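Below: one structure, written as structure tokens.
There are 2 protein chains.
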Amino acid sequence: MNPLHEIGEHEAIRRLTASLALHPDLVVGAGDDCAVCRLSGTPYDQVFTSDPVIEEVHFKSDDEPRRIGHKALGRALSDLAAMGAEPQWVLVNVVAPSVYNVDRLEQVYEGIRALADRFGATVIGGDLAEGPVFELHVFATGTLPEGSALLRSGAVPGDAIYVTGPLGCSLEGRHLDFIPRVAEGVFLRETEWVHAMMDISDGLATDLRHLMKRSEVGAVLKENLIPRNGSLQQALFDGEDFELLFCVPESRTDELEAAWLDRFGTGLFRMGRITDQQECLSLEAADGSVSLLEKKAFEHFRNPDFR
Amino acid sequence: MNPLHEIGEHEAIRRLTASLALHPDLVVGAGDDCAVCRLSGTPYDQVFTSDPVIEEVHFKSDDEPRRIGHKALGRALSDLAAMGAEPQWVLVNVVAPSVYNVDRLEQVYEGIRALADRFGATVIGGDLAEGPVFELHVFATGTLPEGSALLRSGAVPGDAIYVTGPLGCSLEGRHLDFIPRVAEGVFLRETEWVHAMMDISDGLATDLRHLMKRSEVGAVLKENLIPRNGSLQQALFDGEDFELLFCVPESRTDELEAAWLDRFGTGLFRMGRITDQQECLSLEAADGSVSLLEKKAFEHFRNPDFR
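Quick note, the sequences are listed as chains F and D, same order. Following my numbering, the residues of the first sequence are numbered contiguously, the last one being 320. Following my numbering, the residues of the second sequence are numbered contiguously, the last one being 320.
Pasting the structure below:
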């Protein structure tokens, strides 16, 4: 039979994208937060992302409609932020049962529009079709100077690992209200100090492994430096945080923290370092003992949990 | 309650898009086959479209997977064709139940890839998420010289109305195999003779009304000149034909037909003319009698039929 739940989301995506065609203007294809394409004849690259939010998977059917719209666009803007891109165009496909309330749908759109306005994104189209449950599929583009996109690859041993905010317990409500780190992403790109970056959607442990894999490095996190809303386990595995996870060389950390404080008036969370032990993700406890971190995370098709 | 099925797809889209923000680079927003945006710093515009295909709405669950993938991308390419654009980038969101067969999903992707290759489109990303039924959401971009996009608006009284192929009965199978009229769309744009163009997805009668509305004109079709696969009713109302419907000034019809024959070796179907009677769509019978055409068409949320 070979059902999806036996191989999981990531292996399925790997198989589907393994033999996709290349193109001279395609800088980065599937496997990063966004695809990156050269904008021929300009000094810019254009980045592309698409994100689904599905009833009873990414939100509950009785969640406030404005917040559902907010989350749908927020996920896409967070992907743009993870590249350091400025948001540009947005299209939204809506799927809904024929009994779906139109006023509710208008409120969903208000949530999308308010967030788009805040970050200079413009909703330019989409489609509306009938289906068994309510879904939004958001497509978004962004731009940045040629060659400046921050990728998951590029981290090198010795880099400090940062995150832009506390992790865990997002499903208690924040996953519907988070503010995508668009301004922070652009700021970090402009510093030119960041080696690698991504946003945290699947959980710190899983996402850091993705970054490690693309960068061909390992990492060690200091348990008591991981900023968290709940337990350590929740910070590591809950996901849907939509904070930025990034790596900068040790030599730039003081400058970075000072510049960040000056710009945003808040702290940054430095919580570990990149190592040369490929695929090894370790936790360092307060007493200095180091242990390998187990693999465990949310993945579409493999977990019964709400996501 | 105010459910979607009471107002239908088109009125719902109108409401949702009524208060969307504008942008100086946005040339055409929601309401045409694609949105059109200026590509600043280049002599090009970029066009954007997104199309869902949903199990038991746009295809049956036991349809061949390659054909499902083909249709999903074909719909998006047909929208690009309707503007006269060259295909560029494609992203695909897949929704599937966790028991969905991975080999089947790979075949869906083969269908997408084969069609993308044929028309120079490149699949650069997407997402995969769990949901109750199988769906594909295809997002595609295209490019064309600045200001050259063929819109639904622009038809003027006296224009001849053409279609690129026979209509009706598509749901008997062709809706899964149609070849999007990409080459034809580019050719028609390059002639500079076309006043207005769109593709036929909702059925000739409904789509021609859309074009009439955007152009603020009326139209009369000659019954016995409408190319069809089945009955006149089927040609008018079935939909999912994905042929191009377009208008050219009477003075260019001979040149156009000769150029078309030279380029494609096939005929074009001239089937009526644009009038100044706004919103009036009429049928002229073989005996010369003219009657107003009833409004009746597939629309998402308003019909029980398969689409």
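From the three backbone atoms N, C-alpha and C, an ideal C-beta is built for every residue, glycine too. Nothing here was measured: the structure is a model prediction, and the numbers come from that model.
Any idea what DSSP makes of residue i, helix, strand or coil?
| i | result |
| --- | --- |
| glutamine 247 (chain F) | helix |
| tryptophan 206 (chain F) | coil |
| aspartate 318 (chain D) | Only weak support is given to the placement of aspartate 318 (chain D): the predicted model assigns it a pLDDT of 44, under 50, and the value that follows is read from those uncertain coordinates. Coil at aspartate 318 (chain D), not helix or strand. |
| serine 161 (chain D) | coil |
| valine 176 (chain D) | strand |
| alanine 48 (chain F) | strand |
| alanine 153 (chain F) | strand |
| glutamate 185 (chain F) | helix |
| glutamate 253 (chain D) | coil |
| glycine 139 (chain D) | strand |
| aspartate 38 (chain D) | coil |
| leucine 258 (chain D) | strand |
| aspartate 190 (chain D) | coil |
| threonine 6 (chain D) | Residue coverage of chain D in this structure runs from 14 to 320, which leaves residue 6 (chain D) outside it and unanswerable. |
| alanine 134 (chain F) | coil |
| alanine 168 (chain F) | coil |
| valine 199 (chain F) | helix |
For residue i, decide whether its Cβ has a neighbour in chain D, counting only Cβ atoms nearer than 9 Å.
| i | result |
| --- | --- |
| glutamate 119 (chain F) | yes |
| valine 136 (chain F) | yes |
| leucine 86 (chain F) | no |
| asparagine 237 (chain F) | no |
| isoleucine 67 (chain F) | yes |
| cysteine 182 (chain F) | no |
| leucine 33 (chain F) | yes |
| glycine 139 (chain F) | yes |
| valine 72 (chain F) | For the sequence presented, residue 72 (chain F) should be read as phenylalanine rather than valine. No, because no Cβ of chain D sits closer than 9 Å to the Cβ of phenylalanine 72 (chain F). |
| histidine 150 (chain F) | yes |
| alanine 298 (chain F) | no |
| phenylalanine 61 (chain F) | yes |
| aspartate 251 (chain F) | no |
| isoleucine 20 (chain F) | yes |
| phenylalanine 314 (chain F) | yes |
| valine 146 (chain F) | yes |
Any beta-carbon of chain F closer than 9 Å to the one on residue i?
| i | result |
| --- | --- |
| methionine 14 (chain D) | yes |
| proline 100 (chain D) | no |
| threonine 55 (chain D) | yes |
| threonine 219 (chain D) | no |
| histidine 83 (chain D) | no |
| proline 193 (chain D) | no |
| alanine 162 (chain D) | no |
| glutamate 77 (chain D) | no |
| proline 110 (chain D) | yes |
| glycine 216 (chain D) | no |
| alanine 42 (chain D) | For the record, residue 42 (chain D) in the displayed sequence is glycine; it is not alanine. Judged by the 9 Å Cβ criterion, glycine 42 (chain D) is in contact with chain F. |
| valine 115 (chain D) | yes |
| valine 199 (chain D) | no |
| alanine 143 (chain D) | Note that residue 143 (chain D) is glutamate in the sequence shown here, rather than alanine. Taking Cβ atoms only, chain F reaches closer than 9 Å to glutamate 143 (chain D), which makes this a yes. |
| cysteine 293 (chain D) | no |
| aspartate 64 (chain D) | yes |
Under 8 Å by Cβ, that's how I've got residue i and residue j pegged, so tell me the actual separation to the nearest angstrom.
| i | j | result |
| --- | --- | --- |
| valine 233 (chain D) | alanine 168 (chain D) | 13 Å between Cβ atoms; not a contact. |
| asparagine 106 (chain F) | aspartate 76 (chain F) | At roughly 19 Å, the Cβ-Cβ gap does not stay under 8 Å, so asparagine 106 (chain F) and aspartate 76 (chain F) are not in contact. |
| glutamate 159 (chain F) | arginine 51 (chain F) | 7 Å |
| proline 100 (chain F) | glycine 155 (chain F) | 5 Å |
| leucine 180 (chain D) | isoleucine 213 (chain D) | 7 Å |
| valine 66 (chain F) | alanine 85 (chain F) | 4 Å |
| valine 103 (chain F) | threonine 135 (chain F) | 7 Å |
| aspartate 172 (chain D) | isoleucine 287 (chain D) | 4 Å |
Let me make sure I understand the geometry here. Which of the options has the alpha-carbon closest to that of residue i?
| i | options | result |
| --- | --- | --- |
| glutamate 197 (chain D) | D:Val49, D:Ser214 and D:Val176 | D:Val176 |
| leucine 35 (chain F) | D:Glu203, D:Glu99, D:Glu256 and D:Arg126 | D:Arg126 |
| valine 195 (chain F) | F:Ala129, F:Gly21 and F:Ala298 | F:Ala129 |
| glycine 285 (chain F) | F:Thr204, F:Ala162 and F:Leu294 | F:Leu294 |
| glycine 82 (chain F) | F:Asp64, F:Ala98, F:Cys260 and F:Leu257 | F:Asp64 |
| threonine 219 (chain F) | F:Pro193, F:Arg165, F:Phe132 and F:Arg202 | F:Arg165 |
| alanine 299 (chain D) | D:Ile239, D:Leu269 and D:Asp251 | D:Ile239 |
| aspartate 254 (chain F) | F:Ile137, F:Cys260, F:Asn237 and F:Gly243 | F:Gly243 |
| valine 49 (chain D) | F:Gly138, F:Gly181 and F:Gly21 | F:Gly138 |
| valine 328 (chain F) | F:Arg227, F:Gln291, F:Gly178 and F:Glu307 | Residue coverage of chain F in this structure runs from 14 to 320, which leaves residue 328 (chain F) outside it and unanswerable. |
| leucine 39 (chain F) | F:Arg88, F:Leu29, F:Thr204 and F:Ser53 | F:Ser53 |
| leucine 258 (chain F) | F:Leu296, F:Gln120, F:Met225 and F:Gly171 | F:Met225 |
| arginine 241 (chain D) | D:Arg283, D:Leu201 and D:Glu292 | D:Arg283 |
message: Ignoring anything shorter than 3 residues, give me the beta strand (DSSP E) runs that lie fully in the region 66-121 of chain D, in order along the chain.
response: 99-109
task: Would you list, in sequence order, the uninterrupted beta strand (DSSP E) runs of no fewer than 3 residues that lie entirely inside the region 213-244 of chain F?
output: 231-235
- prompt: Which runs of the alpha helix (DSSP H) fall wholly inside the region 262-300 of chain F and span at least 4 residues, in chain order?
  reply: 266-277
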